[in-house]
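In the numbering used here, the protein residues as written are 17 to 476.
Now the structure itself:
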């Protein structure tokens, strides 16, 4: 029929929606933060979050440990490559001093904590004494709630049974291993060479020590990665049976991360080739009994992440997907990001600047954002899409930007990616792979001001 668009399917649909876009671990996304809070404003918002009726799950602490012994060239995190431990204890002391500043200025001697996560970088770059000083200092100054989640990220190449035993004594029960890919050629080009035996040993040690939720991080779309390498990696991973798997798309952003210039664009799978790697991996994971949760995550039905998603309690923040919503999120350490629900704050990224601010008795906030009413409403919709695959803009969850949301979603509906009703939408099974694109339809700041330079990775 003349004038009626043919719905895009298969390769045409992929080509249409393979654009640069945010991952939506926050809204507004970091490049659009334009109202940084003062220290007083940030503390006011954090204090309000602590006393909110919704704060029944306790707060979250995220501690960024930036140190790594070598640079993995795929990595987009804030890291400091070093072989020396001389800088570690001063950093641990600075993190504990930062936490003490929060407690003192909020007037909360022992904050109620529902989650504590050590991320990186490589937290297990710290030796047992350094880890003990960090964990002991944080936990001794906190009220850890029953059922709280204590977790950390590890590099299997530098993680020992002694480190895992120490942290288990402190109550850590969740572990995330950086695996990425087991193919030797891929490992060489991204400078992350590790064996299946190393991953197997850390996994076995953790389980023997009582860790009850183990995650493997995998990446598709890495340079020189092939369908065969994905198949081999997934087969090896499924044999080890982690409880959760994060299967991320590689974000090729060499204009932000110069380490990615070690390889060329020609080495990196794009478009249909990259999506084929994801679909291959997803099919193998689902055949092995894993269920897709949110964006890029899979879990066994026995794991808390899947149970939370099934019950509609799934949450997403700067740490990724979590079993429940815990607010506020206090970020400690260089580059950490905090979330008070209606405000964000990110610490100084530069290690020297971070130490200098702490030494002056200042919270080391470099930038952040105070959410306005529209931001809060659109954040709720994007979070709902990311965790529940639906949005409902009726009643209090309406803002004028949504007046033409039906028009902005019409093409997604025509292509079978969303199903519409008068005041809401639902992401279809086919739409899961285009979740970031669908969220972009709710992004008022992106709609009003397109980036003037490259900021985001490709969505497909």
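No residue lacks a Cβ here, since even glycine has one placed at the ideal position from N, Cα and C.
Beta-carbon separation (whole angstroms), residue i vs residue j, contact threshold 8 Å
{"i": "residue 450", "j": "residue 433", "result": "5 Å"}
{"i": "residue 402", "j": "residue 321", "result": "The pair is not a contact, with the Cβ atoms about 14 Å apart (cut-off 8 Å)."}
{"i": "residue 150", "j": "residue 142", "result": "7 Å"}
{"i": "residue 122", "j": "residue 63", "result": "5 Å"}
{"i": "residue 219", "j": "residue 230", "result": "6 Å"}
{"i": "residue 429", "j": "residue 435", "result": "7 Å"}
{"i": "residue 169", "j": "residue 136", "result": "6 Å"}
{"i": "residue 323", "j": "residue 331", "result": "About 13 Å; that fails the 8 Å criterion."}
{"i": "residue 74", "j": "residue 161", "result": "5 Å"}
{"i": "residue 346", "j": "residue 334", "result": "That pair is no contact at about 11 Å."}
{"i": "residue 415", "j": "residue 393", "result": "4 Å"}
{"i": "residue 67", "j": "residue 343", "result": "Their Cβ separation, rounded to whole angstroms, is 11 Å, which puts residue 67 and residue 343 out of contact at 8 Å."}
{"i": "residue 309", "j": "residue 325", "result": "5 Å"}
{"i": "residue 134", "j": "residue 81", "result": "6 Å"}
Cβ-based neighbour list, residue i, same chain, cut-off 6 Å, excluding 5 preceding and 5 following
{"i": "residue 33", "result": "450 and 453"}
{"i": "residue 210", "result": "172 and 173"}
{"i": "residue 13", "result": "Coverage of the chain is limited to positions 17 through 476, which leaves residue 13 absent and any answer about it impossible."}
{"i": "residue 225", "result": "180, 181 and 184"}
{"i": "residue 175", "result": "140 and 218"}
{"i": "residue 253", "result": "232"}
{"i": "residue 356", "result": "61, 62, 65 and 344"}
{"i": "residue 275", "result": "87 and 89"}
Own chain residues within Cβ distance below 7 Å of residue i, not counting five before or after
{"i": "residue 29", "result": "431"}
{"i": "residue 235", "result": "90, 196, 197, 264 and 266"}
{"i": "residue 293", "result": "236, 237, 241, 243, 246 and 285"}
{"i": "residue 456", "result": "37 and 462"}
{"i": "residue 115", "result": "154, 157 and 348"}
{"i": "residue 364", "result": "350, 370, 373, 380 and 382"}
{"i": "residue 11", "result": "This structure cannot settle anything about residue 11, because the visible part of the chain is limited to 17 through 476."}
{"i": "residue 108", "result": "146, 149 and 150"}
{"i": "residue 306", "result": "261, 314, 315 and 316"}
{"i": "residue 118", "result": "346"}
{"i": "residue 124", "result": "66"}
Opposing strand residues paired with residue i [DSSP bridges]
{"i": "residue 345", "result": "76 and 355"}
{"i": "residue 205", "result": "Bridge partners of residue 205: none, in fact."}
{"i": "residue 336", "result": "333"}
{"i": "residue 437", "result": "440"}
{"i": "residue 194", "result": "233"}
{"i": "residue 246", "result": "Residue 246 pairs with nothing; no bridge assigned."}
{"i": "residue 408", "result": "440"}
{"i": "residue 184", "result": "Partner(s): none; residue 184 has no beta bridge."}
{"i": "residue 94", "result": "Partner(s): none; residue 94 has no beta bridge."}
Residue i, buried or exposed, once every other Cβ within 10 Å from all chains shown has been counted against 16
{"i": "residue 35", "result": "exposed"}
{"i": "residue 138", "result": "buried"}
{"i": "residue 70", "result": "exposed"}
{"i": "residue 349", "result": "buried"}
{"i": "residue 250", "result": "buried"}
{"i": "residue 313", "result": "buried"}
{"i": "residue 465", "result": "exposed"}
{"i": "residue 165", "result": "buried"}
{"i": "residue 228", "result": "exposed"}
{"i": "residue 200", "result": "exposed"}
{"i": "residue 101", "result": "exposed"}
{"i": "residue 423", "result": "exposed"}
{"i": "residue 97", "result": "exposed"}
{"i": "residue 437", "result": "exposed"}
{"i": "residue 39", "result": "buried"}
{"i": "residue 319", "result": "buried"}
{"i": "residue 368", "result": "exposed"}
{"i": "residue 44", "result": "buried"}
{"i": "residue 259", "result": "buried"}
{"i": "residue 110", "result": "buried"}
{"i": "residue 103", "result": "exposed"}
{"i": "residue 85", "result": "exposed"}
{"i": "residue 336", "result": "buried"}
{"i": "residue 167", "result": "buried"}
{"i": "residue 20", "result": "Bear in mind that a pLDDT of 41 at residue 20, under 50, signals an unreliable position, so the model cannot answer this."}
Short CB-CB distance (under 7 Å) between residue i and chain D
{"i": "residue 429", "result": "No chain D is present in this structure, which holds just one protein chain."}
Closest by C-alpha distance to residue i, when choosing among the options
{"i": "residue 460", "options": "421, 438, 439 and 103", "result": "421"}
{"i": "residue 99", "options": "110, 87, 93 and 109", "result": "87"}
{"i": "residue 338", "options": "96, 77, 140 and 302", "result": "77"}
{"i": "residue 261", "options": "203, 191 and 436", "result": "191"}
{"i": "residue 390", "options": "447, 418 and 298", "result": "418"}
{"i": "residue 205", "options": "104, 65 and 279", "result": "279"}
{"i": "residue 447", "options": "207, 81 and 404", "result": "404"}
{"i": "residue 42", "options": "377, 55, 82 and 386", "result": "386"}
{"i": "residue 445", "options": "133, 110 and 298", "result": "298"}
Contacting residues, own chain, Cβ-Cβ under 8 Å from residue i (five flanking each side not counted)
{"i": "residue 216", "result": "256"}
{"i": "residue 113", "result": "374"}
{"i": "residue 440", "result": "406, 407, 408, 409 and 410"}
{"i": "residue 27", "result": "288"}
Proximity test, residue i beta-carbon vs the ligand MN heavy atom, cut-off 6 Å
{"i": "residue 229", "result": "This structure lacks the ligand MN, and indeed carries no ligand of any kind."}
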